[in-house]
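Mapping to our numbering: the sequence shown position 16 is 11, numbers consecutive.
The beta-carbon is built from N, C-alpha and C at its ideal position, and this holds for glycine as well.
Each remark here refers to the structure printed beneath this line.
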Amino acid sequence: MTSPPLLSLKGLSKSFPAVRANDNVSFDVGYGEIYALFGENGAGKSTLVKMIYGVLQPDEGRMSLEGEPYAPQKPSAARARGVGMVFQHFSLFEALTVAENVA
-4 MTSPPLLSLK GLSKSFPAVR ANDNVSFDVG YGEIYALFGE NGAGKSTLVK
46 MIYGVLQPDE GRMSLEGEPY APQKPSAARA RGVGMVFQHF SLFEALTVAE
96 NVA
């Protein structure tokens, strides 16, 4: 029997006025797998990871984490499920450790 993927995205879409940032995005990430997400500026990469982290909510589609429905409404809900994010633009606090800055 095959275990469910660690993270599964099915048909995620997100629109803003005058632009569709993500259109029907689907993929699975398995345990122990590493993926790179790359594309041109404005391709929707940040929008996608912000939906995974609960900063934004998708207009359409669904996510699952470890085989269970996953729809964080805010980052604290994502963190409670073990999901973290390092933002593209962030500030470091010199008095904190690397782990504390990422948390």
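Query: DSSP-derived helix/strand/coil call for LEU43; Result: helix
Query: Distance between THR92 and LYS40 (C-alpha atoms, nearest Å); Result: 27 Å
Query: Beta-carbon separation (whole angstroms), PRO(-1) vs VAL24, contact threshold 8 Å; Result: Not quite, the Cβ-Cβ distance comes to about 11 Å (not below 8 Å), so this is no contact.
Query: The region 31 to 38 / the region 61 to 75 touching (three or more Cβ pairs under 8 Å); Result: no
Query: Per-residue burial, TYR30 [other beta carbons within 10 Å of its own, 16 or more giving buried]; Result: exposed
Query: Sub-8 Å separation of PRO103 and GLY49 beta-carbons; Result: Residue 103 is absent from the model: the chain starts at -4 and stops at 98.
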